[in-house]
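Presented below is the structure to which this report refers.
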């Protein structure tokens, strides 16, 4: 009995250890050598701890920014970032997240094994993000224990198959084959972009016939693009709030310009550290998951992350990012005019999701499809988080939220059902 209490209260209640155990089970099931099992398990635990360290930088940066933004405009401002919100929430809901993630993977394999939907969702960090969001929403609604884990696992497991399935007809148009699926929780954005491209575009005039200025290529480096964009957002906010006010409000009493510079780089560094942590976790869990699924699901289609579509239209990647980001800025001002919570455009969602929307829009409607499709995505991921925030409970007060369209759709619908 004492050992069981130790297992439940000291071992399985530690999210990093629980995630490590999931990797351990997968590696042992594949009959990996003992050295690889040990290495993979330790790296998984370490990755989860790194994720938490990056969260500290993000939270400190967003905390000062939120106070200054509120003082400048009189309304709260939120920066959507999946890594940031998960890093904040994992302290309270990490155990539930890990359990949901594990059983959702099992459900994904079962659905793929026994139904015509043969999609195996291999974008592990998005499985982690969705598991965390669902855990937060169910816990906020008063659900707990085995019921929370069972319901959460079912929701996430079904989502891991449903979203790749709805975008797959357009995915085949992008890739020209039926070998790979789209495994990223922005399928609604991509579906909308492809549909808009097919209705309002002209696929004969492709983005790939355009010459992209070399001066803009640095925006493809995500950490640099985040720091660059956040710097201008900080500068603008600090100027509106007033340099003297900023000096009084920030913890170190720094000059407004240096405060903007350092906080923007700090935010980017935090996101980079979190990304590294997530990559370490996923690098061990995904191969373990795939190894098991390969044996159980014949003719499975791997559903992969956003960048899987980037090589098919590199120019559309940049066009999509810029168009989506412009829409995010316009949406921000519109929310301000409506006196609603302001969603500040985050570089990560606008780059990855906007870029993919550009590729899907280009596949069905050329340049015009890429621009209009990505622009629609920018508006969508600006307005959906506003309606998602209320169902996230106290986590929704963390000055950040989940960013992509499918998170919003699942979160809002689930929140309405369990209330």
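In the numbering used here, the protein residues as written are 587 to 1005. Each residue gets a CB set at the ideal place from its N, CA and C atoms; glycine is no exception.
Exercise. For residue 746, does the count of other Cβ atoms within 10 angstroms reach 16, so buried, or fall short, so exposed?
Worked result: Taking the chain shown and counting its residues from 1, the one referred to as residue 746 is at position 160. By the C-beta density criterion, residue 746 is buried, having at least 16 other C-beta atoms within 10 angstroms.
Exercise. Which residue's Cα is closest to the Cα of residue 873: 609, 857, 602 and 704?
Worked result: Locating residue 873 in the chain shown gives position 287, counting from the first residue. Among 609, 857, 602 and 704, the Cα nearest to that of residue 873 is on 609.
For this session: Evaluate contact between the region 845-858 and the region 709-720, counting only Cβ atoms and requiring at least three cross-stretch pairs below 8 Å.
Result: no
Exercise. Run through DSSP, which three-state label would residue 987 get?
Worked result: As a first step, residue 987 must be located in the chain shown, where it is residue number 401. Strand, per DSSP.
For this session: Pull up the distance between the alpha-carbon of residue 991 and that of residue 615, whole angstroms please.
Result: Position 405 of the chain shown, counted from the first residue, corresponds to residue 991. Position 29 of the chain shown, counted from the first residue, corresponds to residue 615. Distance between the alpha carbons of residue 991 and residue 615 is about 35 Å.
Exercise. With contact counted as at least three CB pairs below 8 Å, one residue from each stretch, are the region 937-948 and the region 670-684 in contact?
Worked result: With a cut-off of 8 Å, the region 670-684 and the region 937-948 do not count as touching, because too few Cβ pairs lie within range.
Problem set entry | Same chain only: Cβ atoms within 7 Å of residue 882, ignoring 5 sequence neighbours per side | To locate residue 882, count along the chain shown from 1; it is residue 296. Around residue 882: 695 and 699.
Problem set entry | Counted within 10 angstroms of its Cβ, other Cβ atoms place residue 650 as buried (16 or more) or exposed | On the chain shown, position 64 is the one that residue 650 refers to. Result: buried.
Exercise. Going straight from the alpha carbon of residue 657 to that of residue 827, what length do you get?
Worked result: Counted from its first residue, the chain shown places residue 657 at position 71. Counted from its first residue, the chain shown places residue 827 at position 241. Spanning the two alpha carbons is a distance of roughly 6 Å.
Problem set entry | Where residue 1004 falls: helix, strand or coil (DSSP) | Your numbering for residue 1004 matches position 418 in the chain shown. In the structure shown, residue 1004 sits in a helix (DSSP, three-state: H, G or I).
Problem set entry | Exposed unless 16 or more other CB atoms sit within 10 angstroms - verdict on residue 621 | What you label residue 621 is simply residue 35 of the chain shown in a count that begins at 1. It counts as exposed.
Exercise. Where does the unbroken alpha helix (DSSP H) through residue 742 begin, and where does it stop?
Worked result: As a working mapping, residue 742 is identified with position 156 in the chain shown. That run of the alpha helix (DSSP H) goes 731-761.
Exercise. Can at least three beta-carbon pairs, one atom from the region 960-971 and one from the region 910-918, be found at a separation below 8 Å?
Worked result: yes
Problem set entry | Length-filtered (4 minimum) alpha helix (DSSP H) runs lying within the region 656-705 | 668-700
Exercise. Is the beta carbon of residue 602 less than 8 Å from the beta carbon of residue 628?
Worked result: Locating residue 602 in the chain shown gives position 16, where the first residue counts as 1. Locating residue 628 in the chain shown gives position 42, where the first residue counts as 1. The answer is no: Cβ separation not under 8 Å.
For this session: Would you list the residues sitting across from residue 884 in a DSSP beta bridge?
Result: The count along the chain shown starts at 1 and reaches residue 884 at position 298. By DSSP's assignment, residue 884 forms no beta bridge with any residue.
Exercise. If we ignore side chains and look at the alpha-carbon of each, how far apart do residue 893 and residue 938 end up?
Worked result: By 1-based counting over the chain shown, the position of residue 893 is 307. By 1-based counting over the chain shown, the position of residue 938 is 352. Going by the C-alpha atoms only, they are around 7 Å apart.
Exercise. How is residue 937 classed by DSSP in three states: helix, strand or coil?
Worked result: Residue numbering aside, residue 937 sits at position 351 when the chain shown is read from its first letter. Residue 937: helix per DSSP, three-state reduction.
Problem set entry | Terminal residues of the alpha helix (DSSP H) in which residue 786 lies | Working through the chain shown from its first residue, we reach residue 786 at position 200. From DSSP, the alpha helix (DSSP H) with residue 786 extends over 773-786.
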